[in-house]
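Letter by letter, the sequence shown follows residues -6 to 551 of the working numbering.
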Amino acid sequence: MSVLRVGNASGFYGDRFSAMREMLTGGELDVLTGDYLAELTMLILGRDRLKDPEAGYARTFLRQLEECLGLARDRGVRIVANAGGLNPAGLADAVRALADRLGIPVRVAHVEGDDLGAAHPGALAAHAYLGGFGIAACLRAGADVVVTGRVTDAALVTGPAAAHFGWAPTEYDRLAGAVVAGHLLECGAQATGGNYAFFQDGDVRRPGFPLAELHADGTSVITKHDGTGGFVDVGTVTAQLLYETGGARYAGPDVTARLDTVRLGQEGPDRVRVEGVRGEAPPPTLKVGLNRLGGFRNEVAFVLTGLDIEAKAALVREQLEPALGKIADVRWELARTDRPDAATEETASALLRLVVRDADQQVVGRALSGAAIELALAGYPGFHVLAPPGKGAPYGVFEDVYVPHGVVDHVAVLHDGRRVSMAPPPAQDTVVLAQVPEPPLPQPLPPGPVRRAPLGLVAGARSGDKGGDANVGVWARTDDAWRWLAHELTADRFRELIPEARELPVTRHQLPNLRALNFVVEGILGEGVAAQARFDPQAKALGEWLRARHLDIPESLL
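Right under this line is the structure:
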């Protein structure tokens, strides 16, 4: 059958608004997807729904469709997006109303059943991660637009691929290939040079959005429309492949993809072939993301300028100690951004950041704010803050649990109103997830002279969050660099380089086909991004910090 060209126009709620039009006008497409959901987004939509029961979906998607629905219809491009969030039926109705108002005949379907809030009454949002076969059913029935709630990000691609090629649920290798393609597309411009460690390899001022040319055997080519910015090479694709993953087994509701089987090859300018992906039966359970309100937080950043930075920080802490005694969680962080004999006041200044959390808004609100502001004329010399503390804002907590497939009623609501339930996989067609045995290490480099230098001179990295955990994918650009990296960057060495991880469980996974290591650091993000437990709450720059750390690197690699 023909190649299926699937593009992406959104990697998160708030991504480039014009991307939908750019993708529709930039070249040929069969399906255009949009990923609007993340752990934090579900919390935001949950709070929206508290104010308005009719809300709970990504309103930006509707505004994009107002500009682009007719264009998609004229070009025969189907649109699949998880913008339905907590209310996919409501978004489907809103899309129909928009189409009627614009006079554009489109068939709109949606997927539901992910909402498990009734089973988790204490959660603001509780949603299972569904697979792609509900989307496939909607497309097979003729839908032009399919909106979903919480499906896996990759399902936005596996669903259209299964519909187009007629894949059965047990064609695991093909499905796994589509999962990998979906994972490569889901974060938009991250596959085309955005957020890329070696961003100076090309012009990434305005990277285009990616697309995948999918084949019936599950292989694909990752590319972008001609003339758009950014670039696609083995490095950009490797970086995105490692993003927010764990071990060699990448589990999902339809299939477990073996990331250690992925082979990447540069097929031409801005074209990377993805092949060799093996798939296995999915696990017997589905992941469920739970978002709840964890309490209230407040913060203030004191600016410490010039001399005696440490003493000034100690004075602030002593002065505020009486006001902090009743607060459940108090965290101080001194960032020494100051320089000696600085040419500007800003570069002569350090930041002392105070973050507090408690179930009582009053404790972290007025009580703290009053105590901090009262120091304005009674504190350290040069006292000022970046912004006055507020009254205390609610923060969220994310956790995941797992339920059997049969607990979830995965339903495709077709454009004509028919409801089709997706049967869960039979128990004999599931496999409990287990770690893949670590492959043998490559031959080490022969001994030779070394130089103290940053890791990033010979390795790229990309990091991200999964609940309270973070992953850091590190890859080498040459075979010799891989031979050194695989032996040098152990889990213990990782802990040495990243002091925050020294007391935490760190698991290292090898992916030799990618010349890559993937580190999972458990608990470094506390209760998840919404809790904002650290300076970089989503661990987006954790990999860049690692690349900036110095090691003894063989001179032959530098």
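Even glycine gets a Cβ: it sits at the ideal position worked out from N, Cα and C.
Residue i vs residue j beta-carbon contact at 8 Å
i: G223; j: G181; result: no
i: G269; j: T254; result: yes
i: A82; j: L62; result: no
i: D458; j: V522; result: yes
i: G69; j: H218; result: no
i: G77; j: H103; result: yes
i: Y236; j: Q183; result: yes
i: V396; j: T278; result: yes
i: V513; j: A494; result: no
i: V248; j: L257; result: no
i: S456; j: G536; result: yes
i: A209; j: F158; result: yes
i: A129; j: A147; result: no
i: V24; j: R71; result: yes
i: H398; j: P382; result: no
i: G49; j: L38; result: yes
i: A484; j: W468; result: no
i: S3; j: D28; result: yes
i: G225; j: T216; result: Residue identity check: residue 225 is Val in the sequence provided, not Gly. Contact: yes.
i: V138; j: V99; result: yes
Residue i classed as buried or exposed, judged by whether at least 16 other C-beta atoms fall within 10 angstroms
i: H377; result: exposed
i: A552; result: What is shown of the chain runs -6 to 551, which leaves residue 552 out entirely.
i: E206; result: buried
i: T151; result: buried
i: T298; result: buried
i: G0; result: buried
i: A466; result: The sequence given here places Gly at residue 466; Ala does not occur at that position. Buried.
i: Q233; result: buried
i: G385; result: buried
i: V425; result: exposed
i: A463; result: buried
i: R329; result: exposed
i: L551; result: exposed
i: T26; result: buried
i: P430; result: exposed
i: R94; result: exposed
i: L510; result: buried
i: F528; result: exposed
i: T145; result: buried
i: A335; result: exposed
Candidates the options: closest to residue i by CA position
i: I366; options: V396, A316 and Y395; result: A316
i: L347; options: A526, E537 and W477; result: A526
i: L482; options: L283, P418, I517 and H543; result: H543
i: D322; options: A294, D351 and D402; result: D351
i: P435; options: G449, G441 and L478; result: L478
i: Q193; options: V172, E164 and G228; result: G228
i: Y165; options: R488, T423, L79 and P492; result: T423
i: K305; options: A341, I128 and G372; result: G372
i: A169; options: A190, A250 and R329; result: A250
i: V443; options: D28, P547 and L308; result: P547
i: L448; options: L438, F487 and S414; result: F487
i: G135; options: R143, V144, P153 and L149; result: P153
i: P275; options: P262, F10, V172 and V140; result: V172
i: D472; options: S549, G461 and R445; result: S549
i: R(-2); options: F5, R14, L22 and G7; result: L22
i: L252; options: N291, A174 and V413; result: A174
i: L327; options: P419, L345 and D41; result: L345
i: D107; options: G96, R40, L79 and L132; result: L79
Contact test: residue i Cβ vs the ligand MN heavy atom, cutoff 7 Å
i: A136; result: No copy of the ligand MN appears in this structure; indeed no ligand is present at all.
**Prompt:** Do the region 241 to 249 and the region 191 to 203 meet, that is, are 3 or more Cβ pairs less than 8 Å apart?
**Reply:** no
**Message:** Across the region 491 to 507 and the region 400 to 419, are there enough close Cβ pairs to call them in contact, namely three or more that are closer than 8 Å?
**Reply:** no
**Prompt:** Taking only runs of the alpha helix (DSSP H) that begin and end inside the region 501 to 542, which ones reach a length of at least 4 residues, in chain order?
**Reply:** 535 to 541
**Prompt:** What alpha helix (DSSP H) runs, 4 residues minimum, are completely inside the region 139 to 183?
**Reply:** 148 to 158 and 165 to 178
**Asked** Are there three or more Cβ pairs, one per stretch, closer than 8 Å when the region 106 to 123 is compared with the region 283 to 296?
**Response** yes
**Prompt:** Of all the alpha helix (DSSP H) runs that stay within the bounds of the region 433 to 492, which reach a length of 4 or more residues?
**Reply:** 472 to 481 and 484 to 490
**Asked** What runs of the beta strand (DSSP E), each 3 residues or longer, lie entirely inside the region 239 to 290?
**Response** 242 to 244, 249 to 251, 256 to 261, 264 to 268 and 271 to 273
**Request:** Any chance you could list the alpha helix (DSSP H) runs of at least 4 consecutive residues sitting entirely within the region 290 to 334, in chain order?
**Result:** 302 to 317
**Continuous beta strand (DSSP E) assignments of at least 3 residues falling wholly in the region 34 to 105** = 71 to 74 and 101 to 105
**Message:** As an exercise, report each continuous alpha helix (DSSP H) stretch of at least 4 residues that is fully enclosed by the region 6 to 33, in chain order.
**Reply:** 12 to 19
**Item:** Complete beta strand (DSSP E) runs within the region 394 to 425 (minimum length 3 residues, chain order)
**Value:** 404 to 406 and 412 to 414
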